[in-house]
């Protein structure tokens, strides 16, 4: 079974600064997907960014980018130019691809990192 | 607007009662999922369904039941056998197609409290 570890229960950053949230995972699979979800106080889970393990290029979405290190099984999220609206819980998640039969198992989540934005 | 709806937003249950949480999606997704979230924890998978009239247990299925009679709907029943049902429940759906990044999209959640 796969496991996902987020070692930072809470992080704080000044508005407009850059912050990096860490995530490590354990798997024996060679193909998989990784996701970062944001959960604001409304508690709605919102997809931030996703990465396919077979792609060497790191995914980017506007101010959000990842540093995917497959050999190290590390998947960190970098938020540039932090804004007050970025304050939320951030969850790292793992998913097996459908064709391995593991996709039906749903996502495996870390315990989350609470991100605080200081004005 | 396409999306996932969950109702009710808040639900209170007396001990010994069964309650049903609703989840509906109009995204034409084949797969649907139920997760449970406890304070300080990530989400844990309760049940999932990849096709109508078929569903599978997740990691914490004991005390829960589901049905999938329609593609759009995946209700979750919390039975009296669930010993600690107070939690936040999230429903999700995905395309579940091979050879694509199968991203799950979430509903707004239901907060269940046992009195």
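Residue numbers (the working numbering), protein chains in the order written: chain A, 143 to 261; chain B, 115 to 229. We put the beta carbon where it would ideally sit given N, CA and C, even for glycine. Please read all numbers here as calculations on a predicted model, not as lab measurements.
Presumed contact (8 Å Cβ cut-off) between residue i and residue j, rounded CB distance
{"i": "residue 178 of chain B", "j": "residue 162 of chain B", "result": "Going by Cβ atoms, the distance from residue 178 of chain B to residue 162 of chain B rounds to 12 Å, so no, they are not a contact pair."}
{"i": "residue 210 of chain B", "j": "residue 164 of chain B", "result": "5 Å"}
{"i": "residue 186 of chain B", "j": "residue 120 of chain B", "result": "Not quite, the Cβ-Cβ distance comes to about 13 Å (not below 8 Å), so this is no contact."}
{"i": "residue 175 of chain A", "j": "residue 195 of chain A", "result": "7 Å"}
Chain-ordered chain A contacts of residue i [CB-CB under 7 Å]
{"i": "residue 200 of chain B", "result": "Residues of chain A passing the Cβ test: none, with the nearest at roughly 15 Å."}
{"i": "residue 155 of chain B", "result": "253"}
Among the options, nearest to residue i - alpha-carbon criterion
{"i": "residue 211 of chain A", "options": "A:181, A:151, A:166", "result": "A:166"}
{"i": "residue 258 of chain A", "options": "A:201, A:193, A:159", "result": "A:159"}
{"i": "residue 184 of chain B", "options": "B:125, B:222, B:145", "result": "B:145"}
Length of the line joining the Cα atoms of residue i and residue j
{"i": "residue 191 of chain B", "j": "residue 261 of chain A", "result": "43 Å"}
{"i": "residue 157 of chain A", "j": "residue 204 of chain A", "result": "17 Å"}
{"i": "residue 178 of chain A", "j": "residue 181 of chain B", "result": "29 Å"}
{"i": "residue 245 of chain A", "j": "residue 232 of chain A", "result": "Residue confidence is low: residue 245 of chain A scores 49 on pLDDT, short of 50, so the model does not pin down where it sits. Its coordinate-derived value is still stated next. Approximately 22 Å between the Cα atoms of the pair."}
{"i": "residue 225 of chain B", "j": "residue 118 of chain B", "result": "16 Å"}
{"i": "residue 229 of chain A", "j": "residue 130 of chain B", "result": "38 Å"}
{"i": "residue 171 of chain A", "j": "residue 167 of chain B", "result": "30 Å"}
{"i": "residue 189 of chain B", "j": "residue 217 of chain B", "result": "21 Å"}
{"i": "residue 175 of chain B", "j": "residue 213 of chain A", "result": "34 Å"}
{"i": "residue 249 of chain A", "j": "residue 220 of chain A", "result": "21 Å"}
{"i": "residue 215 of chain B", "j": "residue 168 of chain A", "result": "20 Å"}
{"i": "residue 203 of chain B", "j": "residue 220 of chain B", "result": "11 Å"}
Per DSSP, the bridge partner or partners of residue i
{"i": "residue 236 of chain A", "result": "A:176, A:250"}
{"i": "residue 207 of chain B", "result": "B:146, B:219"}
{"i": "residue 138 of chain B", "result": "B:119, B:187"}
{"i": "residue 158 of chain B", "result": "B:150"}
{"i": "residue 189 of chain A", "result": "A:179"}
{"i": "residue 257 of chain A", "result": "A:153, A:230"}
{"i": "residue 229 of chain B", "result": "BP columns for residue 229 of chain B are empty, so no partner."}
{"i": "residue 212 of chain A", "result": "Paired residues: none, contrary to the question."}
{"i": "residue 127 of chain B", "result": "B:228"}
{"i": "residue 168 of chain A", "result": "A:145"}
Proximal chain B residues relative to residue i, where beta-carbon distance stays under 8 Å
{"i": "residue 206 of chain A", "result": "Near residue 206 of chain A there are no residues of chain B at all, since even the closest Cβ is about 15 Å away, more than 8 Å."}
{"i": "residue 194 of chain A", "result": "215"}
{"i": "residue 150 of chain A", "result": "Under the 8 Å cutoff, chain B gives no residues; its nearest Cβ is about 13 Å from residue 150 of chain A."}
Residue i: contacting residues in chain B (beta-carbon distance under 9 Å)
{"i": "residue 174 of chain A", "result": "Near residue 174 of chain A there are no residues of chain B at all, since even the closest Cβ is about 11 Å away, more than 9 Å."}
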